[in-house]
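In the numbering used here, the protein residues as written are -13 to 344. Let me begin by presenting the structure, written as structure tokens, before commenting on it.
Here you go:
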């Protein structure tokens, strides 16, 4: 029987929380060891990291800014994972969403914001959704491995952006490869003065709420979970696994596209080459740390947003190379995955996040 719980896994909620927290603490302890080896005080380094992420209103706002695309790309992975699919393509879906949001956001002057902004956001969502649905179609129609197709489509999307900003979409007045600026009527507004925190953060939180209600309260979400758990049982129950996987990849791609749209409309203000520092790939880590659950994804995004926002401060004040942040991120992922697959409290191993269905 498929259970309706906020946190997934084979053990109790308390045990799962202990595993996740312990995994993260071990990663930070090993990170401290790396910092010590290079001759810097771990206490000074982590104090600077904490100060850079939460030490002021601007720092908190910056952490939330970094969280926004991580929440959405984490949801991109989670929607697909619930259907038993492994979506490595959130980065490409993010780039396609950025293209569509730019096409709409730099055109249609004179449209009021109440129409233009939702139009650009929806365009970004639909662009990513179409990119994701292409993966689902190849999976259903030809049995193509979604890991391979999503990785290949990532490359296509990234190079497509490079082509567009050096050619058809290049600003006629810019020396750098970039598009024209987003019109004011399609720009996501800031919600806290003196910070870069924008309305996109609320969109990301709304997407988390939607994910929870869709997956656990709606029939289509139930079918996605059943297909991800046992496709043959789903087919025997009269469900259509192919259609369900298409829906899951449509929503997964849409979340990735939404991340790209928000980044362009709120932060970049125009389409740029390599405008994502790897949010699509970090979103996979966020979903794995969060066990593909809404609260877990939010906390996972907070953890990685904390590392991204505080990393620069740690580099400036404590002279710790920014690469140490990536070491800590990698250690977090490794120990979280290990923690999900070892016996805890004498019970059977936790299943991996990819295969878990609650």
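Glycine residues also receive a C-beta, built at the ideal position from the N, C-alpha and C atoms.
Under a three-way DSSP split, which group does residue 169 fall into? coil
How long is the line joining the alpha carbons of residue 3 and residue 11, rounded to whole angstroms? 12 Å
Just the Cα atoms here: how many angstroms apart are residue 272 and residue 162? 33 Å
Taking residue 299 as the reference, which of 35, 15, 24, 21 has the closest Cα? 35
According to the neighbour-count rule (16 or more other Cβ atoms, all chains shown, within 10 Å of its Cβ), is residue 170 buried or exposed? exposed
What are the uninterrupted segments assigned as alpha helix (DSSP H) that are 4 or more residues long and contained completely in the segment 245 to 308, given in chain order? 265 to 275, 280 to 304
Under 9 Å between the Cβ atoms of residue 61 and residue 173? no
Spatial distance of residue 331 from residue 274 (CA atoms): At residue 331 the pLDDT is 44, less than 50, meaning the model places this residue with poor confidence; the figure from the coordinates comes in the next sentence. One C-alpha to the other measures close to 22 Å.
Compare the C-alpha of residue 254 against each of 221, 182, 266 and name the closest. Among 221, 182, 266, the Cα nearest to that of residue 254 is on 182.
Do the segment 41 to 51 and the segment 311 to 318 meet, that is, are 3 or more Cβ pairs less than 8 Å apart? no
Return the chain-ordered list of same chain residues with a C-beta closer than 7 Å to the C-beta of residue 29, the five sequence neighbours on each side being excluded. The answer is none, since no qualifying residue turns up.
Simplified DSSP assignment, three categories, for residue 68: helix
I need the boundaries of the alpha helix (DSSP H) containing residue 183, first residue and last residue. No alpha helix (DSSP H) contains residue 183, which DSSP labels as neither H nor E.
What's the C-alpha gap between residue 150 and residue 27? Looking at the two C-alpha atoms, the distance is approximately 46 Å.
Out of 306, 120, 42, which has the shortest C-alpha to C-alpha gap to residue 20? 306
For the candidate residues 37, 70, 249, 166, whose alpha-carbon lies nearest to that of residue 301? Answer by Cα proximity: 37.
Exposed or buried, residue -9, counting other C-beta atoms within 10 Å across all chains shown (16 or more means buried)? Low local confidence applies: a pLDDT of 36 at residue -9 is under 50, so the model's placement there is unreliable, with the coordinate-based value given in what follows. Within a 10 Å sphere around the beta-carbon of residue -9 sit fewer than 16 other beta-carbons, which makes this residue exposed.
Closest Cα partner of residue 81 within the set 71, 140, 281, 106: 140
Using the Cβ count rule (16 or more neighbours within 10 Å means buried), how would you classify residue 142? exposed
Using the beta-carbon count (16 or more within 10 Å), is residue 127 buried or exposed? A residue is called buried when at least 16 other Cβ atoms come within 10 angstroms of its Cβ; residue 127 does not meet this threshold and is exposed.
Where residue 262 falls, given that 16 or more other Cβ within 10 Å makes a residue buried: buried
If you check the beta carbons only, do residue 66 and residue 235 fall under 9 Å apart? Cβ atoms of residue 66 and residue 235: closer than 9 Å.
Where residue 323 and residue 94 are concerned, what is the direct C-alpha to C-alpha distance, given to the nearest angstrom? Near 47 Å, if we compare the C-alpha coordinates of residue 94 and residue 323.
Drop a sphere of 10 angstroms on the beta-carbon of residue 152, count the other beta-carbons inside from all chains shown, and report buried for 16 or more, exposed for fewer. exposed
Going straight from the alpha carbon of residue 285 to that of residue 292, what length do you get? 10 Å
Relative to the alpha-carbon of residue 184, which residue among 190, 175, 205 has its alpha-carbon at the smallest distance? 175
Out of curiosity, what's the CA-to-CA distance linking residue 283 and residue 202? 15 Å
Buried or exposed by the 16-neighbour rule on C-beta atoms within 10 Å, applied to residue 256: Residue 256 should be labelled buried.
Could you spell out the range, first to last residue, of the alpha helix (DSSP H) harbouring residue 126? 99 to 128
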